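S.K.:
Number of protein chains: 2
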Amino acid sequence: MRPWEKNIRRVAPYVPGEQPKGDNLIKLNTNENPYPPAPGVRQALKEMDYDQFRKYPDPTSNELIKVLSEYYQVNENEIFVGVGSDDVIAMAFMTFFNSELPILFPDVSYSFYKVWAELFHIPYETPVLDDNFCIHKEDYYKANGGIIFPNPNAPTGLLLPLEEVEDIIARNQNSVVIVDEAYIDFGGESAVKLTRKYENLLVVQTFSKSRSLAGMRIGYAIGHQNLIQSVNDVKYSYNSYTMNMPSLRSGVEAVKDDRYFKESIGRIVKTREETKGRLKELGFSFPDSMANFIFASHRERKAEEIYKALRENHIYVRYFNQPRLDNHLRISIGTDEEMKEFFGFLEGFLSN
Amino acid sequence: MRPWEKNIRRVAPYVPGEQPKGDNLIKLNTNENPYPPAPGVRQALKEMDYDQFRKYPDPTSNELIKVLSEYYQVNENEIFVGVGSDDVIAMAFMTFFNSELPILFPDVSYSFYKVWAELFHIPYETPVLDDNFCIHKEDYYKANGGIIFPNPNAPTGLLLPLEEVEDIIARNQNSVVIVDEAYIDFGGESAVKLTRKYENLLVVQTFSKSRSLAGMRIGYAIGHQNLIQSVNDVKYSYNSYTMNMPSLRSGVEAVKDDRYFKESIGRIVKTREETKGRLKELGFSFPDSMANFIFASHRERKAEEIYKALRENHIYVRYFNQPRLDNHLRISIGTDEEMKEFFGFLEGFLSN
């Protein structure tokens, strides 16, 4: 071992869902939106002044923050933007979770929380979800160095009612509570309005799911200006210019077109509810998802077996080879056409 | 003070150069390239399949790494890419600088090094440059937890000959040595070839200066595959998808057009040398810059005074209100047209 090797930060990285290449495949494995972003995005990118790329982008992301502040009816100094909600949450972990006490997050949840905690050497505890994958708010009443949970939760899709979210925030005013609302637009009630009432609340959202811009990497946080100021200080101590010109531009256009946004969500929700019905008919059970995916297990066939069969037929869903999760599949909601092909294969497979 | 406030990471952020808005100004303050990126960038962006933005980008940045590996004649597993060289260096600090011993970097240097060290709680020492702003390699012969320096140095533009760079690397094989080559393409000899010889060397470069893509945020590091693997592990523990689709695409096109790249550098170098001559005539002195900027002080007039006068006339240069630097201006090399206007104003101002 070389002497400098002992100074390397040892981590066990998060493993993102596969990004298979090719056109003839159905990709229901990374909760992407099956519909393209708002048409204004295409137009704006085509019209970008290419000569300007030689210059640094606006480090304050001002234009994007402006449209977001109007959309959510908050002040501009109550919004922070980053390179996807992963960047936003990583920065928030670095900024807020520096206590000796453990932070708390559910044992079944976005698996990146544990990775960030380990990266930044943050102690953590993971209260156990019940057998129906429900969060029990009482598990979050103990002393802690911070709290984070997704709402709806991932990979279950289960929504915690806003009163229970508020209860967790209200009982933890000595900690920063982060509500990770990556999937909130698909049917939940956002905690954004609670940021007016609680200074310790940070709500994180993303353009990757409901706004069809995963490829552009845009996430944001809304909270009290003191929280936003602190996370901005850390951001400016890490990288002055995180958001590039096309991402800032597309973000603005995506927010502006609210009609397109709502229509596209409406279509996904409709397909999701139809998908639930079909899955039940085929012998699957699942928590009642309010997200753009369904976390399902079959009464007879093993999840891994179904996953592999689908994969061989170029249909990708997400399989987690982990305790408690390893007999479930996380199926992202695709277009009606894609779901038809998915069920077409599945019916044949399950009848054998 | 709220209880959670004591858990906030306290930092004094880096302050980036001003990004003034408007068209009628001459911007020589952030070392941007005065020429647009390679024409292929424009074309490629116009032709991007906008529907694909709904999907996540390639987390491995494979296409971009491939062209870089061909360009620099290294293996693909010897390259890491990030959101500008700031992101790359921040990740490298997090990955490699975890010793109890202080890391070393010059006292007059890229001021972000100190900010990163403080962000990550890394002890550091800053060997003092001599009165001519030269690095003395002997200052880097002591026990340390890592070394980083820019070559050419910023904001001086001074180049350390490759033999001296190699000497520092060779005498520090117990540490990781990072050579920050943000400006190397403007006249220096790169240390990339030394990565074959020294496993402890990481060379960092950027698309923001010589490749005219500051607005796109692309940086990269070249080093032994073990170093690259370690920094990738940290990256995948921080944010799986740092590079968005347009940045990956533009990066590829910029590397492909080597003729455009060299022509544009040739023009800047020519203008830089002419600028040196004109500055001398006007009573300025400066280290002999091998970068795309000149760090100059005037024999009679105070730097701050000149800076303010230029600014009032919509000509922006960089002024550092810091000990040792506060009687210098860092002047980025613009187009011949821009330098003509710069000198036009300066002549009038200095003759009053």
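Which chain is which? The protein sequence lines are S and V, in order. Residues 1 to 352 in the numbering used here are what the first sequence spells out, letter by letter. Residues 1 to 352 in the numbering used here are what the second sequence spells out, letter by letter. Ideal Cβ positions, reconstructed from N, Cα and C, are used throughout, including at glycine. Please read all numbers here as calculations on a predicted model, not as lab measurements.
Can you tell me the Cα-Cα spacing of Gln322(S) and Pro155(S), whole angstroms?
M.R.: Looking at the two C-alpha atoms, the distance is approximately 12 Å.
S.K.: What residue range does the beta strand (DSSP E) around Pro39(S) cover?
M.R.: No beta strand (DSSP E) holds Pro39(S); the alpha helix (DSSP H) holding it covers 39 to 46.
S.K.: Among Ile294(V), Arg272(V), Arg318(V), whose alpha-carbon lies nearest the alpha-carbon of Glu337(V)?
M.R.: For Glu337(V), the nearest C-alpha among the options comes from Arg272(V).
S.K.: With a threshold of 8 Å between beta-carbons, can Ser61(S) be considered close to chain V, or not?
M.R.: So, not an interface residue.
S.K.: Anything in the stretch 212 to 239 of chain S with a Cβ closer than 7 Å to a Cβ of chain V? List those residues in chain order, please.
M.R.: For the stretch 212 to 239 of chain S, which is checked against every Cβ of chain V, the residues closer than 7 Å are Ser212, Leu213, Ala214, Gly215, Met216, Arg217, Ser230, Asp233, Val234, Tyr236, Ser237, Tyr238, Asn239.
S.K.: Between which two residues does the alpha helix (DSSP H) containing Pro13(S) stretch?
M.R.: That residue, Pro13(S), is in no alpha helix (DSSP H); it is neither H nor E in DSSP.
S.K.: Output the distance between the C-alpha atoms of Ser351(V) and Leu279(V), rounded to the nearest integer angstrom.
M.R.: For Ser351(V) and Leu279(V), the distance between alpha carbons rounds to 14 Å.
S.K.: Alpha carbons only, please: which of Asn98(S), Leu104(S), Val108(S) is nearest the one belonging to His121(S)?
M.R.: The option with the nearest alpha carbon to His121(S) is Asn98(S).
S.K.: I need the straight-line Cα distance from Ser190(S) to Arg42(V), nearest angstrom please.
M.R.: Spanning the two alpha carbons is a distance of roughly 39 Å.
S.K.: For the stretch 28 to 61 of chain S, list every residue whose C-beta sits within 8 Å of some C-beta in chain V, in sequence order.
M.R.: Per Cβ criterion, the list reads Thr30, Glu32, Asn33, Pro34, Tyr35, Pro36, Pro37, Val41, Arg42, Leu45, Lys46, Met48, Tyr50, Asp51, Gln52, Phe53, Arg54, Lys55, Tyr56, Pro57, Asp58, Pro59.
S.K.: Considering only their Cβ atoms, is the gap separating Gly223(S) from Glu76(S) smaller than 8 Å?
M.R.: No.
S.K.: Report yes or no: is there a C-beta of chain V within less than 8 Å of the C-beta of Pro152(S)?
M.R.: No - not a single Cβ of chain V is within 8 Å of the one on Pro152(S).
S.K.: How long is the line joining the alpha carbons of Ile265(S) and Arg318(S), rounded to whole angstroms?
M.R.: Their backbone Cα atoms lie some 21 Å apart in a straight line.
S.K.: Rounded to a whole number of angstroms, what is the C-alpha to C-alpha distance between Val203(V) and Asp167(V)?
M.R.: Their Cα atoms are separated by approximately 15 Å.
S.K.: With a cut-off of 8 Å on the beta carbons, I'd call Leu159(V) and Val234(S) a contact; round off their distance for me.
M.R.: Not a contact, Cβ separation roughly 33 Å.
S.K.: Does the pairing of the stretch 173 to 185 of chain S with the stretch 20 to 30 of chain V give three or more beta-carbon distances under 8 Å?
M.R.: These segments do not touch.
S.K.: Suppose the cutoff is 8 Å on Cβ atoms and the five residues either side in sequence are ignored; what does the same chain contact list for Asn292(S) look like?
M.R.: Only Asn31, Asn33, Tyr183, Phe186, Lys209, Ser210, Ile268, Arg272, Ser332, Ile333 meet the Cβ criterion.
S.K.: Going straight from the alpha carbon of Ala92(V) to that of Leu162(V), what length do you get?
M.R.: Their Cα atoms are separated by approximately 22 Å.
S.K.: With 8 Å set as the bound, which would you pick, yes or no: does the beta-carbon of Ala90(S) sit closer than that to a beta-carbon of chain V?
M.R.: Interface residue, yes.
S.K.: Going straight from the alpha carbon of Pro241(S) to that of Phe284(V), what length do you get?
M.R.: It should be noted that the sequence gives Tyr, not Pro, for residue 241(S). If you take the alpha carbons of Tyr241(S) and Phe284(V), they lie about 32 Å apart.
S.K.: Cα-Cα, which of Phe342(V), Thr335(V), Arg324(V), Pro16(V) is closest to Phe133(V)?
M.R.: Selected option, being the one with the closest Cα: Arg324(V).
S.K.: What is the C-beta distance between Leu64(S) and Val252(S), in whole angstroms, given that I count them as a contact (C-beta under 8 Å)?
M.R.: The pair is a contact, with the Cβ atoms about 5 Å apart (cut-off 8 Å).
S.K.: Between Asn7(S) and chain V, is the shortest Cβ-Cβ distance under 8 Å, so that the two count as touching?
M.R.: So, interface residue.
S.K.: Using the Cβ count rule (16 or more neighbours within 10 Å means buried), how would you classify Gly348(V)?
M.R.: So Gly348(V) counts as exposed.
S.K.: If you follow the beta strand (DSSP E) that Gly82(S) is part of, which residue opens it and which one closes it?
M.R.: Element bounds for Gly82(S): 79 to 82.
S.K.: Using a C-beta cutoff of 8 Å, does Glu125(S) count as contacting chain V?
M.R.: No, Glu125(S) lies away from the interface with chain V (no Cβ there is under 8 Å from its Cβ).
S.K.: For Lys55(V), count neighbouring Cβ atoms within 10 angstroms of its own Cβ and tell me buried if that reaches 16, exposed if not.
M.R.: Classification for Lys55(V): buried.
S.K.: What residues of chain C sit near Pro16(S), judged by a beta carbon separation below 9 Å?
M.R.: Note that chain C does not occur in the displayed structure, where the protein chains are S and V.
S.K.: Please state whether DSSP places Tyr319(V) in a helix, a strand or coil.
M.R.: Residue state, collapsed to three classes: strand.
S.K.: For Gln19(V), decide whether its Cβ has a neighbour in chain S, counting only Cβ atoms nearer than 8 Å.
M.R.: Chain S contact via Cβ: present.
S.K.: Per DSSP, which one or two residues make a beta bridge with Val204(S)?
M.R.: Beta-bridge pairing links Val204(S) to Asp180(S), Ala221(S).
S.K.: Given that Thr95(S) touches chain V, what residues does it touch there, using C-beta distances under 8 Å?
M.R.: Chain V residues near Thr95(S): Ile8, Arg9.
S.K.: In chain order, what residues of the same chain lie with their CB nearer than 7 Å to the CB of Val255(V), ignoring the 5 residues before and after it?
M.R.: The answer, listed in chain order, is Val67, Leu68, Tyr71.
S.K.: If you check the beta carbons only, do His328(V) and Ala309(V) fall under 8 Å apart?
M.R.: Cβ atoms of His328(V) and Ala309(V): not closer than 8 Å.
S.K.: Is Ala309(V) helix, strand or coil by DSSP?
M.R.: Reduced to three states, the DSSP call for Ala309(V) is helix.
S.K.: Kindly indicate the opening and closing residues of the alpha helix (DSSP H) around Phe295(S).
M.R.: Phe295(S) -> not in any alpha helix (DSSP H); beta strand (DSSP E) instead, spanning 293 to 298.
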